[in-house]
Every structure is written in C-alpha cells, then in structure tokens.
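See structure below.
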Amino acid sequence: MNDDSFAEARRRLIEEIETEARETQNWTGRAQYSPRVMAAMAKVPRHEFVLPGDRDQAYVNRPLPIGHGQTISQPYIVAVMTDLLDVGPSDRVLEVGTGCGYQAAVLAEVAGRIYSIEIVRELGEEAAIRLRELGYDNIETRIGNGYEGWPEAAPFDAVMITSAPPQIPMALVDQLKIGGRMVVPVGFPGETQTLYRCVKQEDGTLDKQRKLPVAFVPMVDGP
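Residue numbers (my numbering): 1 to 223.
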C-alpha cells in the first residue's frame, strides 16, 4: 500500500471507531471520544507498528500478532482506553506493556510524558527504536516487570495496563496520584475479562467502574 492508500484506510478506520463508540455507549458511557483522542488515532501510523507481512491489514479494526505471543490491540480498544484515561497535555502517564509501541505513541499525542514498561526484552527494545525513529521524544521506555511499575518516576496522573492481571496490582495503585485514573483489563486468560476505569480516592482506594467485556493477553509477572 502506498501512503495515499494508508490515508484512505485511516479515514475508514476512524469512521469505524466512531460507529463502534456509539454502539458501545451503554457500556462505556461515552457515545463519542474526545477530539484530541480521535486526532491521535488518525495521526499515529499504525502500519509502522505491525509486522511487515501485515502492513496491508494495519488499518483493519482488529488486533494483529506482533510476535512473542503478543498482539497489537484493536484500534477501537486503543481509542476507548485512551479516552477513558482522560489525560491532559501536561499529564505524566505510566503504561504497563509497551508491546510494539502503538498505544504508547497514541498516548504521547495526548499527554505530556509517557513511561512505558515491557517485560519481553526483544519487543521492548524494538519498540524503543521504533518510537525514537518516529520522533516520539516524550516517551521513556524500560525493560522490566510491570507489576513493580516505575517507582522513581511516580506519582503518575494516569496508569494504563495493556495486558490483563487477575487483580489490580497494588504497587501500581500506590504509584497513582490521588484523583488519578487507571484503565485496566482484569481477569484470567480464556475467560471473559472486564475493562475497568478506576479513580484513586483520598484514602488510597480505587473507585472502580466496569466498562467493557474484553480479551487481553495475560499480564506476566517475573524478574
């Protein structure tokens, strides 16, 4: 596909996301997503984040494999999770699960600074190179255990987890500011998982709102 074809494919994708937003508003409470989020979805070149053999499928509204048993998320899911995070242009965001870097790039278009952790070294290193080459100088990446977060950069205005833990890791709650938002899919592999939007309360607990049934790869705990 040439650049003109990608432009048309992106336009169709944005229309599909807008339609799906309306169709899922009873779950999410949002019939449309913010102009900043939709502009980011239209701008980020998803074809740069997929495997070379999948570039012609880059703007189809579905997940795609990226190797190492991981996937690049469905664009609609990226849009809804980004919108639910409600980040502002100066916010500092922790992303757990860099993967290929696509979600980090979308977040980088709407937030001030992104701190992104990936446990699979090969994926994380490739994503760091890709993001740097695409000019995303407001993203910091590291290889590490997402369950531990990034304590020296905390507290964060928002936390996004892009794989599913069986329960929300308390270390990540501790690294969230009071009033900060967290978007996270929770559940076990092979079962229906639930996407939550959480807000940290004054007493340190989370106000959790169920949003969507989802299917994510499991969040890996390890060294």
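Even for Gly, the Cβ is constructed at its ideal location relative to N, Cα and C.
Here the structure is a predicted model, which is why all the values come from computation and not from measurement.
Report the rounded CA-to-CA distance for E140 versus G112, giving the unit in angstroms.
For the purposes of this step, residue 140 is identified with residue 140 of the sequence shown, where counting begins at 1. For the purposes of this step, residue 112 is identified with residue 112 of the sequence shown, where counting begins at 1. If you draw a straight line from the Cα of E140 to the Cα of G112, it is about 11 Å long.
Between which residues of its own chain and P63 is the CB-CB distance below 7 Å, once the five residues before and five after are set aside? Here residue 63 is taken as the residue at index 63 of the sequence shown, counted from 1. So the qualifying residues of the chain are T71, I72, S73 and Q74.
task: Write down the C-beta distance between I143 and Y76 rounded to the nearest angstrom, noting that I regard them as a contact closer than 8 Å.
output: Residue numbering aside, residue 143 sits at position 143 when the sequence shown is read from its first letter. Residue numbering aside, residue 76 sits at position 76 when the sequence shown is read from its first letter. About 29 Å; that fails the 8 Å criterion.
If you run the structure through DSSP and keep just helix, strand and coil, what is S34? Locating residue 34 in the sequence shown gives position 34, counting from the first residue. The answer is coil: DSSP assigns S34 none of H, G, I, E or B.
Who are the Cβ neighbours of E20 in its own chain at under 7 Å, not counting the five residues just before and after it?
-> As a first step, residue 20 must be located in the sequence shown, where it is residue number 20. Non-local beta-carbon contacts of E20 in its own chain, meaning distances under 7 Å to residues more than five positions away in sequence, involve Y76 in chain order.
Practice problem: Specify, as a first and last residue, the run of the beta strand (DSSP E) that Y115 falls within. | Solution: By one-based count along the sequence shown, residue 115 stands at place 115. It spans R113 to E118 - the beta strand (DSSP E) in which Y115 sits, taken as one unbroken run.
Measure the CB-CB distance between K208 and K177 and report whether it falls below 8 Å. Locating residue 208 in the sequence shown gives position 208, counting from the first residue. Locating residue 177 in the sequence shown gives position 177, counting from the first residue. No, they are not a contact pair.
### Query
Can V184 and I119 be called in contact, C-beta distance under 8 Å?
As a working mapping, residue 184 is identified with position 184 in the sequence shown. As a working mapping, residue 119 is identified with position 119 in the sequence shown. In this structure, V184 sits away from I119, with a CB-CB distance that is not shorter than 8 Å.
- Query: For P165, which of P155, E191 and G29 has the nearest alpha-carbon?
  - Reply: Reading the sequence shown from its first residue, position 165 is the one you call residue 165. In terms of Cα proximity to P165, the closest of P155, E191 and G29 is E191.
Q) DSSP on I77, reduced to helix/strand/coil? A) One-based indexing of the sequence shown puts residue 77 at position 77. The DSSP-derived three-state label of I77 is helix.
Item to complete: With DSSP as the reference, please indicate the residues paired to Q193 in a beta bridge.
Response: Within the sequence shown, numbered from 1, the residue matching residue 193 stands at position 193. V214, per the DSSP bridge assignment.
### Message
Short of 7 Å in beta carbon distance, which residues of its chain neighbour A154, apart from the five on each side in sequence? Order them along the chain.
### Response
In the sequence shown, the residue the question calls residue 154 occupies position 154. Only Q175 meet the Cβ criterion.
For T205, count the other beta carbons within 10 Å of its own beta carbon; 16 or more makes it buried, fewer makes it exposed. Which is it? As a first step, residue 205 is located in the sequence shown; it is residue number 205 there, counting from the start. By the 10 Å Cβ count, T205 comes out exposed.
DSSP three-state assignment for I178, whether helix, strand or coil
Position 178 of the sequence shown, counting from 1, holds the residue named residue 178. The three-state reading of DSSP puts I178 in strand, counting E and B together.
Return the CA-CA distance between D137 and P45, expressed in angstroms with no decimal places. Start at 1 with the first residue of the sequence shown, and residue 137 comes out as number 137. Start at 1 with the first residue of the sequence shown, and residue 45 comes out as number 45. Between D137 and P45, the C-alpha separation is close to 16 Å.
Rank V50, E48, S116 and R36 by C-alpha distance to the C-alpha of V80 and give the top, closest one.
Position 80 of the sequence shown, counting from 1, holds the residue named residue 80. With distances taken between Cα atoms, V80 lies closest to R36.
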